[in-house]
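Undergrad:
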Amino acid sequence: MTFLGGLRIWAWSAEYGLALRFLAVFSVPLMLLDLINERRGDEYLLETSWVPARVAIGMAMMAFVTLFAANQLNAFIYFRF
Amino acid sequence: MFFDTPIYIVFLTLVVLTYWRLGWRPQNHLLLLASYVFYGWWDPRFLGLIAASTIVDFYCARAIARTDDGARRKLLLTISLVINFGFLGAFKYFNFFMDSFATALEGLGFHHTPTAALRILLPPGISFYTFQEVAYIVDVYKRRLKPADSLVDYALFISLFPHLIAGPIQRPDHLLPQVQAPRRFDSERFFNGLLLILSGLFRKAVIADNCALLADAAFSGRMGPPNLPVVLIGTYAFAWQIYGDFSGYSDIARGSAQLLGFHFMVNFRQPYLATSLQDFWRRWHISLSTWLRDYLYIPLGGSRDGERRTYRNLMLTMLLGGLWHGANWTYVVWGGIHGAGLGLERAARRVWPWRRLTRPTRRRRRSWRCGRRASSSSTSCAWRGSSSARSRSARQ
């Protein structure tokens, strides 16, 4: 509640702009994936596309995981349930 | 053995390579052994617990199916439910109830209560496999399902490693027949399984773990004292973290199952594009929300007994759903927020024609977008409410 109480206070620093950009970089791709899946009715990206497209997507995801995975691993949240 | 660690990749590769060289029955034996190894990797002490509850349910279900005596069937069902929920209550909620009891006593002026004398460890996945066992015994009792003939098949249905620790909670009528029939290798499905695993790793390691850095910084005060930007950044980062984390986990689980020729139900369907809270729960953790609907909300009466009872049933379902998520009052409050939200939405639908908003026409697109924004914002705030407990348990 103390944390949510901060909603009443306005303050700005350059660090927040950086944090917002960081958040956008990592949340917009997932939002785009969802929008594409929603529009196409797919369960996952390009589920119903031809094989080479899916291979390309797979390779791209592998590259993303290799290059952009966070340097700090977190346990899966739902493992605690 | 986490899904995003090299040891799991090695484990899965070895299992898959051996599995497809065997016939159907040996495949089931291998998978059961692998699943128990996977579970024992966390803590071998809990193997006895899952084995015991599996055996009890297997024989209770067979005994239920063999008799037409209503009282005996009810007694057997009760025994099974008491054992299942007894295990869950003892291992998951004992500490919570003891701590709450101690706090209440302290509030009344009694001190030095012996709460720390016994602390019980939480067996991994107990909430998930208990729900699966309960679904099985209830379905057999209601004659919706024939009980399994083989203990190995039933034990594999309960413990199949891709879903064992954190779901998706599999329905007996969906997974059990797959366990009981030979699986055929299908290169297309195998390839799709690999893609699902990659998609899950991307969601977990790239999206969720990076958003976690931001959420942790905001919640721990490393971004400074809470103010509007910090709260919003922390809340939305956590909302994306939890979505990427759990949908990633579900993708890896479903992909791993697909490599073994099984099909698991979809667990997430673009939840942050929901246009209402009700729509959100049709898209988020679908295996849990449909379980709660079929085994709790509908048996309580659902929406059959008038509006007042419907609101009560909605609230009870969400409160218990909240408590299922964690043994902490913050989760109960989180369930209450969702229950109240669903109730308000239901009431609003009676006044305004929101019913059609899930299908946007040109005229209604604006209000549909508002609904989408409102539902994603309210769920994000509710996540924040429950996240303090999560953060604490993570640190522990």
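First to last, the protein sequences are chains A and B. All residue numbers for the first sequence refer to this note's numbering, where the first residue is 1 and numbers rise by one. All residue numbers for the second sequence refer to this note's numbering, where the first residue is 1001 and numbers rise by one. Note that CB positions come from ideal geometry on N, CA and C, so glycine has one too. Bear in mind that the values here come from a model prediction, so they are computed numbers and not experimental data.
When you compare each of A/30, A/15 and A/67 to residue 1245 of chain B by their alpha carbons, which one comes out closest?
TA: Here residue 1245 of chain B corresponds to residue number 245 of the second sequence, with the count starting at 1. Among A/30, A/15 and A/67, the Cα nearest to that of residue 1245 of chain B belongs to A/30.
Undergrad: Quick check: is the beta carbon of residue 52 of chain A nearer than 8 Å to any beta carbon in chain B?
TA: The residue given as residue 52 of chain A occupies position 52 in the first sequence. False, the Cβ-Cβ gap to chain B never drops below 8 Å.
Undergrad: Does DSSP put residue 1307 of chain B in a helix, a strand or coil?
TA: On the second sequence, position 307 is the one that residue 1307 of chain B refers to. Note: residue 1307 of chain B maps to helix in three-state DSSP.
Undergrad: Does the contact criterion of 3 or more C-beta pairs under 8 Å hold for the segment 1191-1202 of chain B versus the segment 54-73 of chain A?
TA: The segment 1191-1202 of chain B vs the segment 54-73 of chain A: in contact.
Undergrad: Against residue 2 of chain A, what residues of chain B qualify as contacts under a CB-to-CB distance less than 9 Å, listed in chain order?
TA: For the purposes of this step, residue 2 of chain A is identified with residue 2 of the first sequence, where counting begins at 1. Ordered by position in chain B, the residues that pass the 9 Å Cβ test against residue 2 of chain A are 1226.
Undergrad: Would you mind working out which of B/1053, B/1284 and B/1153 sits nearest residue 1133 of chain B, comparing C-alpha positions?
TA: Here residue 1133 of chain B is taken as the residue at index 133 of the second sequence, counted from 1. Out of B/1053, B/1284 and B/1153, B/1053 has the C-alpha closest to the C-alpha of residue 1133 of chain B.
Undergrad: How about residue 1004 of chain B and residue 1215 of chain B: are their beta carbons less than 8 Å apart?
TA: Translated into positions along the second sequence, residue 1004 of chain B becomes position 4. Translated into positions along the second sequence, residue 1215 of chain B becomes position 215. It is not a contact, given that the beta carbons lie outside the stated cut-off.
Undergrad: Using a beta-carbon distance below 8 Å, is residue 42 of chain A in contact with chain B?
TA: Here residue 42 of chain A refers to the residue found at position 42 when the first sequence is read from its first residue. So no, residue 42 of chain A is outside the interface.
Undergrad: Buried or exposed for residue 1240 of chain B, please, with buried defined as at least 16 other CB atoms from any protein chain shown within 10 angstroms of its CB.
TA: Indexing the second sequence from 1 puts residue 1240 of chain B at position 240. So residue 1240 of chain B ends up on the buried side.
Undergrad: Residue 1085 of chain B by DSSP, collapsed to three states: which one?
TA: One-based indexing of the second sequence puts residue 1085 of chain B at position 85. Residue 1085 of chain B: helix per DSSP, three-state reduction.
Undergrad: Mind pulling the alpha helix (DSSP H) runs of 4 or more residues that sit fully within the segment 1167-1249 of chain B?
TA: DSSP runs (the alpha helix (DSSP H)) wholly in the segment 1167-1249 of chain B: 1172-1180, 1187-1201 and 1209-1220.
Undergrad: Quick check on residue 1079 of chain B - is its C-beta less than 8 Å from some C-beta in chain A?
TA: Indexing the second sequence from 1 puts residue 1079 of chain B at position 79. Chain A, which has no Cβ nearer than 8 Å to the Cβ of residue 1079 of chain B, makes this no.
Undergrad: State the start and end residues of the unbroken alpha helix (DSSP H) segment that holds residue 1123 of chain B.
TA: Counting from 1 along the second sequence, the entry for residue 1123 of chain B is found at position 123. No alpha helix (DSSP H) holds residue 1123 of chain B; DSSP gives it neither H nor E.
Undergrad: Provide the residue span of the alpha helix (DSSP H) that contains residue 1036 of chain B, from first to last.
TA: Here residue 1036 of chain B refers to the residue found at position 36 when the second sequence is read from its first residue. It spans 1024-1042 - the alpha helix (DSSP H) in which residue 1036 of chain B sits, taken as one unbroken run.
Undergrad: Leaving out five residues before and five after residue 69 of chain A in sequence, what residues of the same chain have Cβ atoms less than 8 Å from its Cβ?
TA: Locating residue 69 of chain A in the first sequence gives position 69, counting from the first residue. Nothing listed; no residue qualifies.
Undergrad: If you draw a straight line from the C-alpha of residue 1128 of chain B to the C-alpha of residue 1213 of chain B, how long is it?
TA: Locating residue 1128 of chain B in the second sequence gives position 128, where the first residue counts as 1. Locating residue 1213 of chain B in the second sequence gives position 213, where the first residue counts as 1. Cα-Cα distance, rounded: 28 Å.
Undergrad: With DSSP as the reference, label residue 1391 of chain B as helix, strand or coil.
TA: Counted from its first residue, the second sequence places residue 1391 of chain B at position 391. With a pLDDT of 47 at residue 1391 of chain B, under the threshold of 50, the modelled position of this residue cannot be trusted; read the value that follows with caution. Helix, per DSSP.
Undergrad: Excluding the 5 residues flanking residue 1266 of chain B on each side, which residues of the same chain have their C-beta closer than 7 Å to its C-beta?
TA: Taking the second sequence and counting its residues from 1, the one referred to as residue 1266 of chain B is at position 266. 1286, listed in sequence order.
Undergrad: How far does the alpha helix (DSSP H) with residue 1286 of chain B in it extend, from its first residue to its last?
TA: Position 286 of the second sequence, counted from the first residue, corresponds to residue 1286 of chain B. Its alpha helix (DSSP H) spans residues 1286-1292.
Undergrad: Would residue 27 of chain A pass as an interface residue toward chain B - the criterion being a Cβ-Cβ separation below 8 Å?
TA: As a working note, residue 27 of chain A is residue 27 in the first sequence. Chain B contact via Cβ: present.
Undergrad: What are the uninterrupted segments assigned as alpha helix (DSSP H) that are 4 or more residues long and contained completely in the segment 24-71 of chain A, given in chain order?
TA: Fully enclosed alpha helix (DSSP H) runs of 4 or longer: 51-68.
Undergrad: Here's the rule: buried if 16 or more other CB atoms are within 10 angstroms of the residue's CB, otherwise exposed. What is residue 1124 of chain B?
TA: Taking the second sequence and counting its residues from 1, one reaches residue 1124 of chain B at position 124. It is buried - the Cβ of residue 1124 of chain B has at least 16 other Cβ atoms within 10 Å.
Undergrad: Which chain B residues are close to residue 11 of chain A, counting only those with a beta carbon under 9 Å from its beta carbon?
TA: In the first sequence, residue 11 of chain A corresponds to position 11, counting from 1. Per Cβ cutoff of 9 Å: 1224, 1225, 1227, 1228, 1229 and 1230.
Undergrad: Shorter than 8 Å from the beta carbon of residue 1240 of chain B to some beta carbon of chain A?
TA: The residue labelled residue 1240 of chain B in the question sits at position 240 within the second sequence. For residue 1240 of chain B, the answer is yes, since a Cβ of chain A falls inside 8 Å of its Cβ.
Undergrad: Roughly how many whole angstroms lie between the Cα atoms of residue 1148 of chain B and residue 1312 of chain B?
TA: As a first step, residue 1148 of chain B is located in the second sequence; it is residue number 148 there, counting from the start. As a first step, residue 1312 of chain B is located in the second sequence; it is residue number 312 there, counting from the start. Using only the alpha carbons, I get a separation of about 36 Å.
Undergrad: Within a Cβ cutoff of 8 Å, which residues of the same chain sit near residue 1389 of chain B, ignoring the five residues on either side of it in sequence?
TA: For the purposes of this step, residue 1389 of chain B is identified with residue 389 of the second sequence, where counting begins at 1. Residue placement at residue 1389 of chain B is poorly supported in this model, since its pLDDT is 46, which falls under 50; the coordinates still yield a value, given next. Cβ neighbours of residue 1389 of chain B beyond the five flanking positions: 1326, 1328, 1330 and 1331.
Undergrad: In terms of residue numbering, what span does the alpha helix (DSSP H) encompassing residue 1018 of chain B cover?
TA: By one-based count along the second sequence, residue 1018 of chain B stands at place 18. Element bounds for residue 1018 of chain B: 1006-1019.
Undergrad: Can you say whether residue 1074 of chain B is buried or exposed, counting buried as having 16 or more other CB atoms within 10 angstroms of its CB?
TA: The residue given as residue 1074 of chain B occupies position 74 in the second sequence. The residue is exposed, with fewer than 16 neighbouring Cβ atoms inside 10 Å.
Undergrad: Taking DSSP as the reference, what is the three-state secondary structure of residue 1146 of chain B?
TA: Reading the second sequence from its first residue, position 146 is the one you call residue 1146 of chain B. Note: residue 1146 of chain B maps to coil in three-state DSSP.
Undergrad: Which of the three DSSP states is assigned to residue 13 of chain A in this structure?
TA: The residue labelled residue 13 of chain A in the question sits at position 13 within the first sequence. If DSSP states are grouped into helix, strand and coil, residue 13 of chain A belongs with coil.
Undergrad: Below 8 Å between beta carbons: does that hold for residue 11 of chain A and residue 1223 of chain B?
TA: Taking the first sequence and counting its residues from 1, the one referred to as residue 11 of chain A is at position 11. Taking the second sequence and counting its residues from 1, the one referred to as residue 1223 of chain B is at position 223. Taking 8 Å as the Cβ cut-off, residue 11 of chain A and residue 1223 of chain B do not qualify as a contacting pair.
Undergrad: Starting from residue 23 of chain A, find everything on chain B with Cβ-Cβ shorter than 8 Å and list it in chain order.
TA: Residue 23 of chain A sits at position 23 when you count from the first residue of the first sequence. Residues of chain B passing the Cβ test: 1211, 1214, 1233, 1236, 1237 and 1240.
Undergrad: Using DSSP with H/G/I as helix, E/B as strand and the rest coil, what is residue 1344 of chain B?
TA: Within the second sequence, the letter at position 344 stands for residue 1344 of chain B. Residue 1344 of chain B: helix per DSSP, three-state reduction.
Undergrad: Determine the DSSP secondary structure at residue 1099 of chain B, reduced to helix, strand or coil.
TA: Mapped onto the second sequence, residue 1099 of chain B falls at position 99. In the structure shown, residue 1099 of chain B sits in a helix (DSSP, three-state: H, G or I).
Undergrad: Cβ closer than 9 Å: which chain A residues qualify as neighbours of residue 1272 of chain B?
TA: Position 272 of the second sequence holds residue 1272 of chain B. Ordered by position in chain A, the residues that pass the 9 Å Cβ test against residue 1272 of chain B are 30, 31 and 34.
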